[in-house]
Amino acid sequence: MTAEAGGPLGNDLALMQGIASRDRSALTSLYNKYSPTLLTLCTRLLADRGEAEDLLIDVFWEVWERSDRYDPARAAPLTYLVMLCRSRAIDRRRSANAVKKMPPGMQISVEAAADKGLDIADRGERVDYADLAEQREIVRTGVRKLSAPQQQTLELAFFEGLSHTEIAEKTNIPLGTVKSHIRSGLIRLREILRNVGVDAESTL
Amino acid sequence: MNCRDAQDLIPLQAAGAAVQEDSAQLEAHLQQCPHCRELMGDFTQVAAQLAIAVNPTPVPAVLREALDWRIDQSMSQLPPLEMPRQTSRMGFIMALAASIALLIAMGMSLYIQHLQKTEIHGLHQLLAFSENRNRKVMAHEATVVTSWENRVHLLQSRVQQADEVIKMLKVPHLQMASLTGAGKQPSAFGRLLWDQHAKMWKFCATDLKRLQADKTYELWWITPASKKIPAGTFNVDETGFAMFTPTIPAGMKFSPAVTAAVTIEPAGGDLQPQGPVELIGKL
């Protein structure tokens, strides 16, 4: 089975199924498609590029090693990956003595890799994920329609991993107002995405 | 927690902004409420869309190699160095191993150099401290020695002066005259001892203040005709004592008509007294 066959949504689900059946190429395809997006998320959450790269490997290793945990009825593949990244990143942040599980020899910096010209795009292995690019533009358009406080509070919560109390402290915005911004922001985004005919990850 | 509270909290939970206590209560509610659970799933998917709104980061290919390496390890259940099955992977792992070894060696070398530098720096500091302390101790000891040498020298001088006084006291025709303090030193005292037959003269002074280096005491003979004849200069020691042999002009006769006086003059003395009289007395 070629993991990338089928429609967009079928693609991701097929990849997850391929992973569950121990198809290494399915994992590679899923990794190639989402690792750049997830690396940004991990870097924002951990504020450390090395830790973020380490976490990225951890997450995809967990996707492979514990593939039975993925339930398509509960979340689309992207949602599953994003929530897995957030959860593991927050665990790391909470752990004062986080131990890197990555083999020492593998801990090569991005800069070092870039120097070697080993980036995916440079090696011509990158698949043209047009569906992902299209979805990105839709979400960006939706986010731009949110008010500035809504964007700010959502960003601090989602990308910085701050709770509403921490956001209130950091921004000097009353706690109730912070909750209101986050709540109304996400509800608004949900409506916007629905209005443009996007049902969350239906195109993925 | 009821559905209303849960639905209020769901967007916060989906965005990752809920606090732990609220999350736990919401989780308990979701376990028993399919409707809220579905809503939670819906908002979670919306929130997940935020992740793709930001610019993706180029991922170094070596990370995928690392993922492959780790999966290979978990699948084979063999120690890392015994499991490679492909020449290219073997080469990659060997290169990594060599790199690690090189990095470790470099790290160790730098660490040892750092330790050596730190230790040398510490020794330098200790040495400097010791030298500084030794210098202070030696300086103190030198001061003590100098002080003792001065005291010994003073005592030797006193003994010599005492011998001279005793010698004077033994002369058969000893005569004495006293000079008393005048001016600003009323407690000072001087005594002149002589034996004109034996041609021996000594002058002693006590309780005179020490003068600055550019000044000196000078003894004068004042004849009945008010002629002032210099008899010699002297300085007192730290106790205010001095003894010296005055100059006696040829043909001068010692008589009660002669007055002796001590004045303060510029260092080296003067031909005529210019300064204030400190001691004075008739012979």
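Residue numbers (the numbering used here), protein chains in the order written: chain A, 1319 to 1522; chain B, 6 to 288.
Just so you know, even glycine gets a beta-carbon here, dropped at the ideal spot from N, CA and C.
#### Entry: Cβ pair count under 8 Å reaching 3, the stretch 194-212 of chain B against the stretch 152-160 of chain B
no
### Task
Could you check what DSSP says for residue 1389(A) in three-state terms: helix, strand or coil?
Position 71 of the first sequence, counted from the first residue, corresponds to residue 1389(A). Coil at residue 1389(A), not helix or strand.
### Query
On the three-state DSSP scale, how would you describe residue 70(B)?
For the purposes of this step, residue 70(B) is taken as the residue at position 65 of the second sequence. In the structure shown, residue 70(B) sits in a helix (DSSP, three-state: H, G or I).
### Message
Going by DSSP in three states, residue 209(B) sits in which element: helix, strand or coil?
### Response
Translated into the one-based positions of the second sequence, residue 209(B) becomes position 204. Three-state result, residue 209(B): strand.
### Query
Nearest chain A C-beta to residue 81(B) closer than 8 Å, yes or no?
Reading the second sequence from its first residue, position 76 is the one you call residue 81(B). Output row for residue 81(B): interface = no.
### Query
Does residue 1470(A) have its Cβ less than 8 Å from a Cβ in chain B?
For the purposes of this step, residue 1470(A) is taken as the residue at position 152 of the first sequence. Answer no: the Cβ-Cβ gap between residue 1470(A) and chain B never drops below 8 Å.
### Message
If I measure Cβ to Cβ from residue 1459(A) and keep anything under 6 Å in the same chain, skipping five residues before and after, which residues do I get?
### Response
Residue mapping note: residue 1459(A) aligns to position 141 of the first sequence, counting from 1. No residues qualify anywhere along the chain.
### Euclidean distance between Cα positions of residue 205(B) and residue 287(B)
Locating residue 205(B) in the second sequence gives position 200, counting from the first residue. Locating residue 287(B) in the second sequence gives position 282, counting from the first residue. Each residue's Cα considered, the two are about 18 Å apart.
### Query
Is there a Cβ from chain A that is less than 8 Å from the Cβ of residue 19(B)?
By 1-based counting over the second sequence, the position of residue 19(B) is 14. By this cut-off, residue 19(B) is an interface position.
### Whether residue 1401(A) touches residue 1394(A) by CB criterion (8 Å)
Indexing the first sequence from 1 puts residue 1401(A) at position 83. Indexing the first sequence from 1 puts residue 1394(A) at position 76. Not closer than 8 Å, so no.
### Query
Do the stretch 12-28 of chain B and the stretch 1480-1488 of chain A make contact, defined as three or more Cβ pairs closer than 8 Å?
Short answer: they touch.
### Query
Going by other Cβ atoms of all chains shown within 10 Å of its Cβ, with 16 needed for buried, is residue 279(B) buried or exposed?
Sequence index remark: in the second sequence, residue 279(B) carries index 274 (1-based). Exposed, since its Cβ has fewer than 16 Cβ neighbours within 10 Å.
### Query
In three-state DSSP terms, what is residue 256(B)?
Position 251 of the second sequence, counting from 1, holds the residue named residue 256(B). Coil, per DSSP.
### Query
Just the Cα atoms here: how many angstroms apart are residue 1338(A) and residue 31(B)?
Along the first sequence, read from residue 1 onward, the residue named residue 1338(A) stands at position 20. Along the second sequence, read from residue 1 onward, the residue named residue 31(B) stands at position 26. The straight-line gap from Cα to Cα measures roughly 30 Å.
### Message
For residue 228(B), tell me which candidate among 222(B), 185(B), 115(B), 262(B) has the shortest Cα-Cα distance.
### Response
For the purposes of this step, residue 228(B) is taken as the residue at position 223 of the second sequence. Closest by alpha carbon: 262(B).
### Query
So residue 219(B) packs on residue 272(B), CB below 8 Å; how close in whole Å?
Working through the second sequence from its first residue, we reach residue 219(B) at position 214. Working through the second sequence from its first residue, we reach residue 272(B) at position 267. Between residue 272(B) and residue 219(B) the Cβ distance is about 5 Å, and since that is below 8 Å, they are a contact.
### Message
Quick check: the stretch 65-82 of chain B against the stretch 1456-1476 of chain A, are at least 3 beta-carbon pairs closer than 8 Å?
### Response
no
### Message
If you reduce the DSSP assignment to three classes, tell me which class residue 263(B) lands in.
### Response
The residue labelled residue 263(B) in the question sits at position 258 within the second sequence. If DSSP states are grouped into helix, strand and coil, residue 263(B) belongs with coil.
### Residues of the stretch 32-46 of chain B with Cβ closer than 7 Å to any Cβ of chain A, in chain order
46
### Message
Any contact between the stretch 1497-1504 of chain A and the stretch 8-16 of chain B? By contact I mean 3 or more CB pairs, one from each, below 8 Å.
### Response
yes
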